[in-house]
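91 is the number that the UniProt record's numbering gives to position 91 of the sequence shown; each next residue is one higher, with no gaps.
The beta-carbon is built from N, C-alpha and C at its ideal position, and this holds for glycine as well.
One structure is given below, encoded as structure tokens.
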Amino acid sequence: MRSSASASSPADDEGAGEEAAFDEEFDPDAPLQPDSGGRNRKRAVLAVLPFLGIGLACVLLLLGWGLEPLWAFAILPPILFCSALAYIVFSSDFLEDRT
Numbered sequence: 001m002r003s004s005a006s007a008s009s010p011a012d013d014e015g016a017g018e019e020a021a022f023d024e025e026f027d028p029d030a031p032l033q034p035d036s037g038g039r040n041r042k043r044a045v046l047a048v049l050p051f052l053g054i055g056l057a058c059v060l061l062l063l064g065w066g067l068e069p070l071w072a073f074a075i076l077p078p079i080l081f082c083s084a085l086a087y088i089v090f091s092s093d094f095l096e097d098r099t
């Protein structure tokens, strides 16, 4: 006696494979949603990286102008702190329930 699971035809297996492939496709409404309920580090890095780059570019610009290096590095701690804080917020979905 055959069980119902082994009674499926190869055509049915192809349909199941296509359905699984369809589920794994890109979702334009949620391109960076995590697969699991954990932290979403990719979204956090993509959100914070431009602002961190702009901040570091400002530090380099101040150093290039010939100002005292102390003034250029004086803005570095707030840039790094805000970037780290933004990374934590974006990676942990801190504000997810408020949107």
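In this structure, the beta-carbon distance from leucine 61 to tryptophan 71 does not fall below 9 Å.
Exposed is the label assigned to valine 45, since fewer than 16 other Cβ atoms lie within 10 Å of its Cβ. Secondary structure note for isoleucine 79: its alpha helix (DSSP H) is the uninterrupted segment 76-92.
Comparing alpha carbon positions, the residue from Asn40, Gly66, Leu85 closest to leucine 52 is Leu85.
C-alpha of isoleucine 54 to C-alpha of asparagine 40: approximately 23 Å in a straight line. Straight-line measurement puts the Cα of valine 48 at about 20 Å from the Cα of phenylalanine 73.
Within 10 angstroms of the beta-carbon of phenylalanine 90 lie 16 or more other beta-carbons, which makes it buried.
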